[in-house]
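*Asks:*
There are 2 protein chains.
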Amino acid sequence: MRITNQRKIILEELIKCSHHPGADEIYNLVRKSIPRISLGTVYRNLEFLAASGMIKKLDFGNGQKRFDGNIEPHDHFRCVNCNTIEDIPFTMDIMPLDENHMWVKKRIIYGMRLEIYGLCAACSAGK
Amino acid sequence: MRITNQRKIILEELIKCSHHPGADEIYNLVRKSIPRISLGTVYRNLEFLAASGMIKKLDFGNGQKRFDGNIEPHDHFRCVNCNTIEDIPFTMDIMPLDENHMWVKKRIIYGMRLEIYGLCAACSAGK
DNA sequence: CTGAATGCAAAGCCTTTGCATACGG
DNA sequence: CCGTATGCAAAGGCTTTGCATTCAG
């Protein structure tokens, strides 16, 4: 694995972010350090970093992929009132998968994508 | 609401499907009945039907939207090998939400969007 | 040195849209 | 009749890719 400046800065910027930026936003962030970087390089490196397991590639279904420097497995909670997205810390504690269920036994589960929506702690306190 | 032949056939084809086809597949299905239908019309009607709540528009993050004639709330299982998408019959049986968990108690849960991925029954049998 | 990574630009894929025409109610 | 829906084709947004050049190890 080759450590180019482009690759290094892209990873650094992404780790700094906590808000799941898209490729275009990462491109603009990195351009502050490397003005001549190309969008293609950003895409190639994001792909490379995701394939190496150093970042995560997400899809919230808005037509644009999002990237996450936090590679710990975690899901997302979206508040329908204030519209913030917070990480769900331990999905398996909150919604444990029943390993003994026949449906589960018939398949091999690699993982899941979960988004819970409702009112966050702050917004539900007011109701 | 205007019932054109195109709209009718698109809805009928989609209700017949159980495998969450993309717009291109629906286009090809409908073309058997209406050979001169345009792809634009298919997209416009899928959008219209989804907005009217008669079908559901899904996004599994493969770059292509999928459509579902089954509007009952249900989740999906995606096989990473054969790429089919099947319905999860009773999510609450397989992954029950722990109502007593502190994280849950602090929030008001309206619903969730869940996608489990892995190998389907057929594909996992061969491994 | 040498192959992997880059910049640039063009192309690809899915989807949306503008416009004149057709057609449902 | 009238306005919505259609067909056609062009354009749009995001992403990928081909190619010559540069650069890390």
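Note that the protein sequences, when read in sequence, are chains A and B.
For reference, each letter of the first sequence is one residue, going 6 to 132 in the numbering used here.
For reference, each letter of the second sequence is one residue, going 6 to 132 in the numbering used here.
The C-beta atom is built at its ideal place from N, Cα and C for all residues, glycine as well.
Just so we're clear, the structure is a prediction, and the values are computed from it rather than from any experiment.
Determine the burial state of Leu-44/B: buried for a count of at least 16 other Cβ atoms within 10 Å of its Cβ, exposed for fewer.
*Replies:* Walking along the second sequence from the start, residue 44/B turns up at place 39. Exposed, because fewer than 16 other Cβ atoms sit within 10 Å of the Cβ of Leu-44/B.
*Asks:* Specify whether the region 48-57 of chain B and the region 81-101 of chain B touch according to this definition: at least 3 beta carbon pairs, one from each stretch, less than 8 angstroms apart.
*Replies:* The region 48-57 of chain B, when compared against the region 81-101 of chain B, does not touch it at the 8 angstroms Cβ threshold.
*Asks:* Measuring alpha carbon to alpha carbon, tell me which residue in Asn-10/A, Leu-63/A, Cys-87/A, Asn-105/A is nearest Ser-38/A.
*Replies:* Within the first sequence, numbered from 1, the residue matching residue 38/A stands at position 33. Among Asn-10/A, Leu-63/A, Cys-87/A, Asn-105/A, the Cα nearest to that of Ser-38/A is on Asn-10/A.
*Asks:* Please look up how many angstroms separate the CB atoms of Val-35/A and Ile-15/A, rounded, as I've assumed it's under 8 angstroms.
*Replies:* Counted from its first residue, the first sequence places residue 35/A at position 30. Counted from its first residue, the first sequence places residue 15/A at position 10. Indeed, because the Cβ distance is near 6 angstroms, the residues count as touching under 8 angstroms.
*Asks:* Quick check on Ala-55/A - is its C-beta less than 9 angstroms from some C-beta in chain B?
*Replies:* Position 50 of the first sequence, counting from 1, holds the residue named residue 55/A. Not one chain B Cβ lies under 9 angstroms of Ala-55/A.
*Asks:* Should His-24/B go down as buried or exposed, given a rule of 16 or more other Cβ atoms within 10 Å for buried?
*Replies:* Within the second sequence, numbered from 1, the residue matching residue 24/B stands at position 19. Classification of His-24/B: exposed, given that the 10 Å Cβ count is below 16.
*Asks:* Could you tell me the distance, in whole angstroms, from the CA atom of Lys-62/B to the CA atom of Cys-125/B?
*Replies:* Here residue 62/B is taken as the residue at index 57 of the second sequence, counted from 1. Here residue 125/B is taken as the residue at index 120 of the second sequence, counted from 1. Going from the Cα of Lys-62/B to the Cα of Cys-125/B covers about 22 angstroms.
*Asks:* Could you check which residue in Glu-77/B, Glu-104/B, Met-97/B has the C-alpha nearest to that of Met-59/B?
*Replies:* The residue given as residue 59/B occupies position 54 in the second sequence. The option with the nearest alpha carbon to Met-59/B is Glu-77/B.
*Asks:* Got a sec? Which residues, its chain only, sit under 7 angstroms from Val-47/A by beta carbon, not counting five neighbours each side?
*Replies:* Position 42 of the first sequence, counting from 1, holds the residue named residue 47/A. Cβ within range, chain order: Ile-15, Ala-28, Ile-31, Tyr-32, Val-35.
*Asks:* Would you verify that the beta carbon of Met-117/A is, or is not, closer than 9 angstroms to some beta carbon of chain B?
*Replies:* Translated into positions along the first sequence, residue 117/A becomes position 112. Yes, Met-117/A lies at the interface with chain B (some Cβ there is under 9 angstroms from its Cβ).
*Asks:* Measure the C-alpha to C-alpha separation of Arg-71/A and Gly-66/B and round it to an integer number of angstroms.
*Replies:* By 1-based counting over the first sequence, the position of residue 71/A is 66. By 1-based counting over the second sequence, the position of residue 66/B is 61. One C-alpha to the other measures close to 11 angstroms.
*Asks:* Determine the closest residue to His-81/B out of Gly-74/B, Thr-96/B, Cys-87/B, Gln-69/B, with distance taken between C-alpha atoms.
*Replies:* Mapped onto the second sequence, residue 81/B falls at position 76. Nearest C-alpha to His-81/B: Thr-96/B.
*Asks:* Could you tell me if Ile-8/B is buried or exposed, where buried requires 16 or more neighbouring beta carbons within 10 angstroms of its beta carbon?
*Replies:* Along the second sequence, read from residue 1 onward, the residue named residue 8/B stands at position 3. Ile-8/B is exposed by the Cβ-count criterion.
*Asks:* Give me whichever residues DSSP pairs with Arg-118/B in a beta bridge.
*Replies:* Walking along the second sequence from the start, residue 118/B turns up at place 113. Glu-120/A, per the DSSP bridge assignment.
*Asks:* Within the 9 angstroms Cβ cut-off, does Gly-58/A reach chain B?
*Replies:* Your numbering for residue 58/A matches position 53 in the first sequence. With 9 angstroms as the cut-off, Gly-58/A does not count as an interface residue toward chain B.
*Asks:* Do you know whose CA, among Glu-120/B, Ala-127/B, Val-109/B, lies nearest Lys-110/A's CA?
*Replies:* The residue given as residue 110/A occupies position 105 in the first sequence. When each option's Cα is compared against that of Lys-110/A, the closest is Ala-127/B.
*Asks:* Out of Glu-17/B, Pro-26/B, Gly-123/B, state which residue places its alpha-carbon closest to the alpha-carbon of Asp-73/B.
*Replies:* The residue given as residue 73/B occupies position 68 in the second sequence. Checking every option, the nearest Cα to that of Asp-73/B belongs to Pro-26/B.
*Asks:* Short of 8 angstroms in beta carbon distance, which residues of its chain neighbour Leu-119/A, apart from the five on each side in sequence? Order them along the chain.
*Replies:* Locating residue 119/A in the first sequence gives position 114, where the first residue counts as 1. Excluding residues within five positions, the ones whose Cβ falls inside 8 angstroms are Asp-80, His-81, Ile-93, Thr-96, Met-100.
*Asks:* If you measure from the beta carbon of Ile-2/B to each beta carbon in chain A, is any gap under 9 angstroms?
*Replies:* The requested residue 2/B is not part of the displayed model; chain B covers only 6 to 132.
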